[in-house]
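A.B. asks: Numbered by numbering that gives the first Met the number 0, the letters in the sequence shown go through residues 0 to 306 in order. Beta carbons: idealized from backbone N, C-alpha and C, even for Gly. A quick note: this is a predicted structure, and the numbers were derived from the prediction, not measured.
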Amino acid sequence: MTENCGKVQIDRSRYQAEPVFGEPIPDKMMLEDIKRYRKDGLQEVIKERKSYNYLFYLSELRKNIIEWYPFFRQAEVLAVGADAGILTDALAQKAAHVTCVETSETRAEMNAAWNAEKDNVRIILGNYPEVEDKLGSYDYITLIGEWKYARSYYEKSEDAYRTFLLELLKHLKTGGELLLATENKMGMKYWAGCQEDYYGGYYRGIEDYPGEDNVRTFSKKELEEELRGIEGISWKFYYPYPDYKFPMAIYSDEYLPKTDELTMNIRNFDRDRYVMFDEEKAFGTVIKEGLFSEFSNSFMVSIKKEQ
């Protein structure tokens with residue numbers, strides 16, 4: 000079944016039920032707020048609602064992970080785990096067409112309402128493996144915050160994370176790029192007292208998720224090991240700061256932060272935290288020692304398909 004929300008097409012033919020994994024499902028009030036206030040008034044609504052979900056799904060800061068990247072104007076983009084619209088908005092302004100894959104009906108409806116005036120957005124509702132046959136070939140694929148759920152998509156795979164990347168690469172044109180953004184389980188904020196993003200609790204990623212096997216994030220070394228197991232690709236790391244969810248700066252190995260530059264560290268919008276030490280000073284030390292890339296709170300990786 001296919002329907003339109005404004006100019007946006009939603010394909011519901013493979014949808015079965017709301018997912019039991021992923022970011023919290025927004026309530027219907029958020030969808031109604033998008034329809035009522037549109038984009039111009041939503042930043043004030045975030046202040047009024049005082050809800051992390053509103054901040055996460057509607058804040059313009061979310062776009063910073065995408066807006067800086069040099070997409071070419073005629074690009075075909077696939078957004079996997081497209082979320083509730085704000086990242087799609089950024090992509091649709093930079094590319095010719097954006098195909099979104101979203102597991103949640105509520106998030107898909109929010110995405111369509113947010114981008115209702117755009118004629119270059121299509122949304123496919125369902126889990127990625129179940130809708131893959133509906134997809135074509137793309138110049139860019141975005142995987143923003145979604146890779147950690149690979150085991151929910153590929154339960155029978157011995158290495159679900161690599162399988163997920165391999166399945167995505169089938170739909171990437173030669174010379175195209177897969178843009179992956181994810182948490183670093185060894186990120187400075189987790190050492191300093193922030194809780195783990197998905198499960199909550201302190202030091203769970205640092206302790207390698209004891210007793211938890213369904214959702215996980217990776218260190219830089221582990222992520223690179225996954226990539227080395229895939230033929231025909233090259234990659235480049237970027238380091239969103241403070242993290243990929245609400246980035247204020249993007250660093251790279253060619254442009255690393257100065258020792259006194261990282262001052263925006265109390266950013267625990269979702270959960271309470273401890274402050275175990277001065278993160279600004281600790282960042283200064285790891286930068287001086289050449290270890291910033293290991294302790295960056297998040298990664299964004301551009302994975303290029305060479306052949």
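Excluding five sequence neighbours on each side, which residues of the same chain lie with their C-beta closer than 6 Å to the C-beta of Q73?
C.D. replies: Position 74 of the sequence shown, counted from the first residue, corresponds to residue 73. Excluding sequence neighbours, Q73 sits near A95.
A.B. asks: Taking the alpha carbon of K169 as the point to measure from, which residue in L178, L179, E131 has its own alpha carbon closest?
C.D. replies: Here residue 169 corresponds to residue number 170 of the sequence shown, with the count starting at 1. Nearest C-alpha to K169: E131.
A.B. asks: Quick check: the Cα distance between R316 and I229, rounded to an integer number of angstroms?
C.D. replies: Lying before the first or after the last residue shown, residue 316 is absent from the chain, which here runs from 0 to 306.
A.B. asks: Mind checking who C4 pairs with in its DSSP beta bridge?
C.D. replies: Counted from its first residue, the sequence shown places residue 4 at position 5. Beta-bridge pairing links C4 to V7.
A.B. asks: Taking the C-alpha atoms as reference points, what is the distance between T105 and E278?
C.D. replies: On the sequence shown, residue 105 is found 106 positions in, with the first residue counted as 1. On the sequence shown, residue 278 is found 279 positions in, with the first residue counted as 1. Distance between the alpha carbons of T105 and E278: 37 Å.
A.B. asks: Report the rounded CA-to-CA distance for L226 versus D196, giving the unit in angstroms.
C.D. replies: Here residue 226 refers to the residue found at position 227 when the sequence shown is read from its first residue. Here residue 196 refers to the residue found at position 197 when the sequence shown is read from its first residue. Using only the alpha carbons, I get a separation of about 23 Å.
A.B. asks: Pick from E101, S103, I123, V285: whose alpha carbon is nearest that of M185?
C.D. replies: As a working note, residue 185 is residue 186 in the sequence shown. It is V285.
A.B. asks: In three-state DSSP terms, what is P128?
C.D. replies: Locating residue 128 in the sequence shown gives position 129, counting from the first residue. The answer is helix: DSSP assigns P128 an H, G or I state.
A.B. asks: Along the chain, where does the beta strand (DSSP E) containing T98 start, and where does it finish?
C.D. replies: Taking the sequence shown and counting its residues from 1, one reaches residue 98 at position 99. Start and end: 96-101.
A.B. asks: Compute the distance between the beta-carbons of L179 and R11, then report whether it is under 8 Å.
C.D. replies: Start at 1 with the first residue of the sequence shown, and residue 179 comes out as number 180. Start at 1 with the first residue of the sequence shown, and residue 11 comes out as number 12. Against a cut-off of 8 Å, the Cβ pair of R11 and L179 comes out as no contact.
A.B. asks: What is the C-beta distance between C4 and A112, in whole angstroms, given that I count them as a contact (C-beta under 8 Å)?
C.D. replies: Locating residue 4 in the sequence shown gives position 5, where the first residue counts as 1. Locating residue 112 in the sequence shown gives position 113, where the first residue counts as 1. Their Cβ separation, rounded to whole angstroms, is 6 Å, which keeps C4 and A112 in contact under 8 Å.
A.B. asks: Identify, in the order they occur along the chain, each residue of the same chain with its Cβ nearer than 6 Å to the Cβ of R121, setting aside the five sequence neighbours on each side.
C.D. replies: Taking the first residue of the sequence shown as 1, we reach residue 121 at position 122. Result list for R121: Q8, T98, in chain order.
A.B. asks: Would you mind giving the Cβ-Cβ distance between L90 and I140, rounded to the nearest angstrom? I have them listed as a contact below 8 Å.
C.D. replies: Here residue 90 corresponds to residue number 91 of the sequence shown, with the count starting at 1. Here residue 140 corresponds to residue number 141 of the sequence shown, with the count starting at 1. Not confirmed; about 11 Å, so no contact.
A.B. asks: Cβ of K219 versus every heavy atom of the ligand SAH: is any distance shorter than 7 Å?
C.D. replies: With respect to small molecules bound, the structure shown includes none, and the ligand SAH cannot be examined in it.
A.B. asks: Ends of the beta strand (DSSP E) at E75?
C.D. replies: On the sequence shown, residue 75 is found 76 positions in, with the first residue counted as 1. First-last of the beta strand (DSSP E) with E75: 75-79.
A.B. asks: For M109, which residues of its own chain have a beta-carbon under 8 Å away from its beta-carbon, when the five flanking residues on both sides are left out?
C.D. replies: Taking the first residue of the sequence shown as position 1, residue 109 is located at position 110. Same-chain partners within the cutoff: P25, M29, L30, I33, Y56, A83, G84.
A.B. asks: Please list, in chain order, all residues of the same chain as S58 whose beta carbon is under 8 Å from its beta carbon, the five residues on each side excluded.
C.D. replies: Position 59 of the sequence shown, counted from the first residue, corresponds to residue 58. The answer, listed in chain order, is Q42, I45, I85, F245.
A.B. asks: Alpha carbons only, please: which of K117, N119, N296, S50 is nearest the one belonging to T216?
C.D. replies: Residue 216 sits at position 217 when you count from the first residue of the sequence shown. Nearest C-alpha to T216: N296.
A.B. asks: For K188, does the three-state DSSP call read helix, strand or coil?
C.D. replies: Position 189 of the sequence shown, counting from 1, holds the residue named residue 188. Correct three-state label for K188: helix.
A.B. asks: Along the chain, which unbroken stretches of the alpha helix (DSSP H) at least 4 residues long are found entirely within the region 217-263?
C.D. replies: If we require 4 residues or more, the alpha helix (DSSP H) runs fully inside the region 217-263 come out as 219-227.
A.B. asks: Terminal residues of the continuous alpha helix (DSSP H) containing L90?
C.D. replies: Stepping through the sequence shown from its first residue, residue 90 is reached at position 91. That run of the alpha helix (DSSP H) goes 85-93.
A.B. asks: Our contact map puts D252 next to F236 with C-beta atoms below 8 Å; I'd like the distance itself, whole angstroms only.
C.D. replies: As a first step, residue 252 must be located in the sequence shown, where it is residue number 253. As a first step, residue 236 must be located in the sequence shown, where it is residue number 237. Correct: roughly 6 Å between the Cβ atoms.
A.B. asks: Measuring alpha carbon to alpha carbon, tell me which residue in V274, K280, R272 is nearest K257.
C.D. replies: If you number the sequence shown from 1, residue 257 lands on position 258. Of V274, K280, R272, the residue nearest in Cα terms is K280.
A.B. asks: For the alpha helix (DSSP H) containing S301, name the first residue and the last one.
C.D. replies: For the purposes of this step, residue 301 is identified with residue 302 of the sequence shown, where counting begins at 1. Note, S301: premise wrong, no alpha helix (DSSP H); beta strand (DSSP E) at 297-304.
A.B. asks: Consult DSSP for A16 and reduce its assignment to one of helix, strand or coil.
C.D. replies: Taking the sequence shown and counting its residues from 1, one reaches residue 16 at position 17. Coil, per DSSP.
A.B. asks: Beta carbon of M187, beta carbon of F268: below 8 Å?
C.D. replies: Numbered from 1 along the sequence shown, position 188 holds the residue referred to as residue 187. Numbered from 1 along the sequence shown, position 269 holds the residue referred to as residue 268. Not a contact, by the Cβ cut-off of 8 Å.
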